[in-house]
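In our numbering, the protein residues as written are 94 to 250. Taking it in order: structure first as structure tokens, then the write-up.
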Ligand SMILES: Nc1c(N[C@@H]2O[C@H](COP(=O)(O)O)[C@@H](O)[C@H]2O)[nH]c(=O)[nH]c1=O
């Protein structure tokens, strides 16, 4: 059975980028993966200071609102790098929270799906046929964690 996540108070809600699992990355503390992801949209642009404002947003919803505001021009390479940005955020988030690693590993080989009713890129989207890239990256991370486990069990020397 596939594992669906989206709302924070539901099972696997901590897989959401909105969950309050902060981490240190690039010399800053990020309260959620969403803060980090949205802030990266403006790095290296004339709106670079907006990245700092987003990092300090009170909630991930505020961070997303600022990052999605169409008046704020995104860095030109955003479409090319956004998956890498998300991967970096997920790695940092899960590295900082071993309990999340355990939860992710506990999903075995199940398909993981961001059950977003609106987002057909990161989630399954309105018709359920979305690309689910967030779920895919989580499954990729799960595979990495498994490999790390195997390597740590190998005899050294
Ligand atoms: N979890 C979650 C959302 N989904 C998140 O939104 C982000 C995509 O943002 P963008 O690329 O700006 O469209 C990405 O982190 C995706 O997981 N959106 C929400 O409004 N509420 C939510 O609870």
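Ideal Cβ placement from N, Cα and C applies to all residues, glycine included.
For residue i, the first and last residue of its enclosing alpha helix (DSSP H)
i           : result
residue 187 : 171 to 189
residue 137 : Unbroken run through residue 137: none, as it is neither H nor E.
residue 143 : 141 to 148
residue 102 : No alpha helix (DSSP H) holds residue 102; DSSP gives it neither H nor E.
Whether residue i touches residue j by CB criterion (7 Å)
i           : j           : result
residue 118 : residue 109 : no
residue 206 : residue 130 : no
residue 175 : residue 116 : no
residue 144 : residue 132 : yes
residue 99  : residue 208 : yes
residue 279 : residue 183 : Because the chain in this structure spans residues 94 to 250, residue 279 falls outside the shown range and cannot be described.
residue 200 : residue 96  : yes
residue 121 : residue 148 : yes
Terminal residues of the beta strand (DSSP E) in which residue i lies
i           : result
residue 118 : 116 to 118
residue 129 : No beta strand (DSSP E) holds residue 129; the alpha helix (DSSP H) holding it covers 126 to 132.
residue 97  : 96 to 98
residue 249 : Residue 249 -> no beta strand (DSSP E), and no H or E assigned at all.
Q: Count the CB pairs spanning the segment 150 to 165 and the segment 211 to 228 that are closer than 8 Å, and state whether there are at least three.
A: no
Q. Is the segment 189 to 200 touching the segment 163 to 177 in the sense that three or more CB pairs, one from each, lie closer than 8 Å?
A. no
Q) Would you say the segment 236 to 243 touches the segment 218 to 228, given that touching needs at least three Cβ pairs under 8 Å? A) No contact exists between the segment 236 to 243 and the segment 218 to 228.
Q.
To test your reading of the DSSP string, which unbroken beta strand (DSSP E) runs of 3 or more residues are found completely within the segment 180 to 246?
A. 205 to 207
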